[in-house]
Amino acid sequence: MSNFSRREFLATTAGTTALGLSGSLVFLTPAQAADVKAKGYYKYKVGSDIEVISIYDGVWQKPHDENFALGGSVEEVKAALREAGKTDEHVPIEFTYTIVKTGGKTVLIDAGTGAQLAPTAGLGAQGMAAAGIKTSDIDTVLISHMHPDHIFGLMAKDTNEQIFPNAEIMVGETEYNYWTSAETLANLPEGRKPLAQRIQATFPKWKNVTLYSADKELLPGIRSVDTSGHTAGHMAFHISSGNDEMMLLGDMINMPALFLENLDWQIVFDADKEKASKARKQMIDRAVADNITVAGYHFGFPNSGKIEKEGSNFVFNPVEV
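Every letter in the sequence shown is one number past the one before it in the working numbering, and letter 121, counting from 1, is 180.
Next up, the structure:
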């Protein structure tokens with residue numbers, strides 16, 4: 060693959076509404092990229108029989124603080140954001156979740172913020188509607204981990220009523236056991252207890268929750284991959300059809316401009332920072348060596364593309380090849 064600037068978005072010659080894993084590369088101008096984000100979704104294929112739909116859920120305009128990027132100062136974070144062509148007034152953490160159509164099922168992978176975290180987030184419902192997908196269309200929900208921006212979209216803000224009551228909700232066994240444990244609740248800092256309390260008040264009571272383990276085919280062409288470290292049981296998902304494959308990374312790599320291009324930086328949200336760093340580096344090596352298309356939950360929009368080595372670090376090029 061040719062080396063393109065990370066400031067350029069790339070798409071197939073078929074256009075931004077049919078991004079694919081094969082085909083000639085063309086530049087997607089900043090204006091076109093903005094149009095894709097405004098539309099709220101884009102589609103592409105893995106092989107001939109798996110359709111993937113990326114849904115934009117908005118952005119958290121996080122205020123700068125010295126503890127966010129461990130190893131990088133606020134000024135270094137601002138400089139990295141400017142270098143990537145992003146605002147440096149705050150840290151723009153974007154959210155994108157994924158829908159996969161495979162084996163006759165419509166599978167939601169992570170559920171977004173549910174408009175419950177930031178006034179500039181919670182756009183996923185609009186993106187799904189624009190893509191022609193209703194909540195009742197979702198057969199299965201796969202959860203990578205149980206942080207708020209991945210599970211609050213499963214439940215109504217004030218009542219905790221299920222948004223996808225007819226879908227099977229699949230959660231990693233290690234992750235589920237951690238967050239539903241009385242010991243976890245007792246040992247969490249006060250500021251994080253409400254999340255565990257909400258999880259414990261909902262998930263164990265829902266009859267449609269099932270648990271899965273690592274390194275298993277969960278649905279046709281979708282396999283769980285142990286990438287724990289960010290949380291106790293964080294999972295990535297390997298999508299494959301024929302000779303085509305891609306990896307949904309979840310949060311094991313956060314914003315590429317910060318945590319991919321500066322591998323010595325560590326995001327504050329990683330529970331086990333040493334384990335998370337090891338998992339991140341192993342996944343990067345695999346993605347580069349095998350030229351795997353990846354998609355990151357916080358990679359911006361479009362959020363799928365390639366990781367490429369640049370000097371001693373790596374960059375993310377939003378491309379479809």
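Glycine included, each C-beta is placed from N, C-alpha and C at the ideal position.
| Check | Outcome |
| --- | --- |
| Beta-carbon contacts of A128 that lie in its chain and below 7 Å, excluding the five residues immediately before and after | V136, L317, W324 and I326 |
| Among N313, S107, Q120 and D198, nearest to L277 - alpha-carbon criterion | D198 |
| L80 - DSSP class collapsed to helix/strand/coil | With a pLDDT of 44 at L80, under the threshold of 50, the modelled position of this residue cannot be trusted; read the value that follows with caution. Reduced to three states, the DSSP call for L80 is coil. |
| Residue of N376, K164, A330 and P361 minimising C-alpha distance to V95 | P361 |
| Spatial distance of G173 from L322 (CA atoms) | 31 Å |
| For K145, three-class secondary structure by DSSP | coil |
| Buried or exposed by the 16-neighbour rule on C-beta atoms within 10 Å, applied to V374 | buried |
| Bridge partner(s) assigned by DSSP for R282 | E276 and H297 |
| DSSP beta-bridge partners of I381 | This structure cannot settle anything about residue 381, because the visible part of the chain is limited to 60 through 380. |
| Start-to-end residues for the alpha helix (DSSP H) that takes in G183 | G183 to A189 |
| Helix, strand or coil at P151 [DSSP, three-state] | strand |
| Residue closest to N302, alpha-carbon to alpha-carbon, out of G99, A97 and K104 | K104 |
| Alpha-carbon to alpha-carbon, A295 and E367 | 19 Å |
| Spatial neighbours of V150 in its chain, beta-carbon cut-off 6 Å, leaving aside the 5 residues before and after | K121 |
| Option in I112, L308 and L319 with minimal Cα separation from M187 | I112 |
| C-alpha gap between S283 and D274, whole angstroms | 5 Å |
| Start-to-end residues for the beta strand (DSSP E) that takes in D303 | D303 to G309 |
| Helix, strand or coil at I343 [DSSP, three-state] | helix |
| Spatial distance of I281 from D217 (CA atoms) | 33 Å |
| Complete runs of the alpha helix (DSSP H) confined to the region 206-258 [at least 4 residues] | 207-210, 232-238 and 241-246 |
| Cβ pair count under 8 Å reaching 3, the region 229-237 against the region 194-214 | yes |
| For V95, the residue or residues it bridges with in DSSP | Paired residues: none, contrary to the question. |
| Bridge-paired residues (DSSP) for Q120 | P151 |
| Delimiting residues of the alpha helix (DSSP H) encompassing L317 | P315 to F318 |
| C-beta contact flag for W119 and L176 at 8 Å | yes |
| Boundaries (first-last residue) of the beta strand (DSSP E) holding A354 | T352 to G355 |
| Presumed contact (8 Å Cβ cut-off) between G309 and L182, rounded CB distance | Between L182 and G309 the Cβ distance is about 19 Å, and since that is not below 8 Å, they are no contact. |
| Separation of H204 from E234, as counted between CA atoms | 6 Å |
| M180 (DSSP reduced to helix, strand or coil) | The question names Met, but residue 180 in the sequence shown is Ala. Strand. |
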